[in-house]
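When the letters of the sequence shown are read in order and numbered with my numbering, they come out as residues 41 to 345. Glycine is no exception: its CB is placed at the ideal position from the N, C-alpha and C atoms.
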Amino acid sequence: MTFFDDIQQTKFVNVASVPQRSPFRYPGGKTWIVPRLRRWLSPQIRQQFGLIPMRPTHLIEPFAGGSIVSLTVAAEELTDHVTMVEIDEDVSAVWQTILDGENWMWIAREIETFDVTHENVKDLFARTDLTLKEQAFRTILRNRVNRGGILAPGAGLVKKGENGKGIRSRWYPATLKKRIQNIVKIRDHITFIHGDGMNVLKEHTNRADTVFFIDPPYTAGGKKAGSRLYTHSELNHEELFEIASKLRGDFLMTYDNVDTVRVLAQRHGFDMQIVPMKNTHHTKMTELLIGPNLEWLRQPLEYCP
């Protein structure tokens, strides 16, 4: 196992430079990984560095959340098919609705026509009799008008917001509608499972044609942004690493860069690499990427064989 602590040779990726495909906004999101994801799934790179499978036909994302990785892989045809898995009922409602043959049109229209006022928002949030598509709309709205995009109970509404626009500051109906329409165009390449990502990983341990992008919403040794975005944010990290060690297909795992995670990775003989990123506020941060072999990651980002 090799572990490079020198991150100076790796360029920071500004998340603003990456296509935004998800209807969700998350602090600490994964847009920064997209350039590296493209490299990881490149057949030329995979052949050069002996990665298995050389030409993955399927990607599974067991903790999908905002699903920027799955959406990118599907849109850019980096594999033939993607499977998104999410346990959170509210987040799942969004994906089930958008990927549905008819309901996506309803939610697109609702986004376009809903009058975002404090009164209307509070009325919707107070309802308990929602259909699946109404639950999906409420989830998108909550993600856009709650402080920090937080979905978990107890989050407050945006007050001042961007340019003093208050509750409307993150509500871009035309943009959201366009993103939904773009997802609908690629939905034949996407399977969504409302369920436990750990169980789905166990069910696919012997798939040699499949790769896995694993981004847990909660880290061992410290909370990350996801821990307050979700209702479900508890995870048995030791079990996750044990499952990953049994996967026949390649995997790429992201974690906060903390000692407890490095210990788990070392215990299982995984490769690790610190990667720099900038968040939406241009703050420089680092994350830890983990996998069976990350030599491909240590080439300059512009590198092409």
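By Cβ distance below 6 Å, which residues in the same chain neighbour F20 in space, the five residues on each side in sequence not counted?
-> Nothing can be reported for residue 20, as the shown portion of the chain is limited to 41 through 345.
Counting only the same chain and skipping the five closest in sequence on each side, list residues whose C-beta sits under 8 Å from that of F89.
-> As a working note, residue 89 is residue 49 in the sequence shown. Cβ neighbours of F89 beyond the five flanking positions: N333, E335, W336.
Hey, could you find the ends of the alpha helix (DSSP H) F281 is sitting in?
-> Against the sequence shown, residue 281 aligns to sequence position 241. Counting along the chain, the unbroken alpha helix (DSSP H) around F281 starts and ends at 277 to 285.
Inter-stretch contact (C-beta, 8 Å, three-pair minimum) for the segment 100 to 108 and the segment 236 to 252 | yes
Find out if the Cβ-Cβ distance for the pair L216, P340 is shorter than 8 Å.
-> Here the question's residue 216 lines up with position 176 in the sequence shown. Here the question's residue 340 lines up with position 300 in the sequence shown. No, these two residues do not count as a Cβ contact at 8 Å.
Assigned secondary structure, N333 (DSSP; H/G/I helix, E/B strand, else coil) = In the sequence shown, the residue the question calls residue 333 occupies position 293. N333: coil per DSSP, three-state reduction.
Do E327 and T300 have their C-beta atoms within less than 8 Å of each other?
-> If you number the sequence shown from 1, residue 327 lands on position 287. If you number the sequence shown from 1, residue 300 lands on position 260. Taking 8 Å as the Cβ cut-off, E327 and T300 do not qualify as a contacting pair.
Buried or exposed: which applies to E117, given that a residue is buried once 16 or more other Cβ atoms fall within 10 Å of its Cβ?
-> Here the question's residue 117 lines up with position 77 in the sequence shown. So E117 counts as exposed.
Report the three-state DSSP secondary structure of H98 (helix, strand or coil).
-> Position 58 of the sequence shown holds residue 98. If DSSP states are grouped into helix, strand and coil, H98 belongs with the strands.
Starting from F165, trace the beta strand (DSSP E) both ways and give me its first and last residue.
-> The residue you call residue 165 lines up with position 125 of the sequence shown. From DSSP, F165 is part of no beta strand (DSSP E) but of the alpha helix (DSSP H) over 158 to 166.
For E327, which of helix, strand or coil comes out of DSSP?
-> Translated into the one-based positions of the sequence shown, residue 327 becomes position 287. Reduced to three states, the DSSP call for E327 is strand.
Could you work out which residue in V185, E174, S110 is closest to R227 when comparing CA atoms only?
-> Here residue 227 corresponds to residue number 187 of the sequence shown, with the count starting at 1. That would be S110, whose Cα lies nearest to the Cα of R227.
Going by DSSP, name the residue or residues bridged to M124.
-> If you number the sequence shown from 1, residue 124 lands on position 84. The partner list for M124 (beta bridge, DSSP) reads E101, F232.
Determine which residues share a DSSP beta bridge with I254 and list them.
-> Numbered from its first residue, the sequence shown carries residue 254 at position 214. In DSSP, I254 forms a bridge with M293.
N-terminal and C-terminal residue of the alpha helix (DSSP H) that L77 is part of | Stepping through the sequence shown from its first residue, residue 77 is reached at position 37. Here the alpha helix (DSSP H) through L77 covers 74 to 80.
Anticipated Cβ contact below 8 Å, V185 with V161, distance rounded | Counting from one through the sequence shown, the residue named residue 185 turns up at place 145. Counting from one through the sequence shown, the residue named residue 161 turns up at place 121. Confirmed, about 6 Å.
Alpha carbon to alpha carbon, how far is Q136 from W146? Give it in angstroms, no decimals.
-> Within the sequence shown, numbered from 1, the residue matching residue 146 stands at position 106. Within the sequence shown, numbered from 1, the residue matching residue 136 stands at position 96. Near 13 Å, if we compare the C-alpha coordinates of Q136 and W146.
Locate the alpha helix (DSSP H) running through R178, then write down its first and last residues.
-> Residue mapping note: residue 178 aligns to position 138 of the sequence shown, counting from 1. Run containing R178: 172 to 185, per the alpha helix (DSSP H) assignment.
At which residues does the alpha helix (DSSP H) containing I151 begin and terminate?
-> Numbered from 1 along the sequence shown, position 111 holds the residue referred to as residue 151. Looking at the DSSP string, the run of the alpha helix (DSSP H) that includes I151 is 143 to 153.
Check whether the Cβ atoms of P93 and L81 lie closer than 8 Å to each other.
-> On the sequence shown, residue 93 is found 53 positions in, with the first residue counted as 1. On the sequence shown, residue 81 is found 41 positions in, with the first residue counted as 1. No.
Hey, quick one: how far does the alpha helix (DSSP H) through D299 stretch, first residue to last?
-> As a working mapping, residue 299 is identified with position 259 in the sequence shown. Unbroken alpha helix (DSSP H) run through D299: 299 to 307.
Roughly how many angstroms lie between the CA atoms of S362 and Q84, to the nearest whole one?
-> This structure cannot settle anything about residue 362, because the visible part of the chain is limited to 41 through 345.
Reduced DSSP category for P59 - H, G, I as helix; E, B as strand; rest coil | Here residue 59 refers to the residue found at position 19 of the sequence shown. Three-state result, P59: coil.
Residue range of the alpha helix (DSSP H) that includes W135 | Counted from its first residue, the sequence shown places residue 135 at position 95. Element bounds for W135: 129 to 138.
Euclidean distance between Cα positions of D290 and H244 = Residue 290 sits at position 250 when you count from the first residue of the sequence shown. Residue 244 sits at position 204 when you count from the first residue of the sequence shown. Each residue's alpha carbon lies about 12 Å from the other.
Rounded separation between A284 and L329 - CA only = Along the sequence shown, read from residue 1 onward, the residue named residue 284 stands at position 244. Along the sequence shown, read from residue 1 onward, the residue named residue 329 stands at position 289. Each residue's Cα considered, the two are about 13 Å apart.
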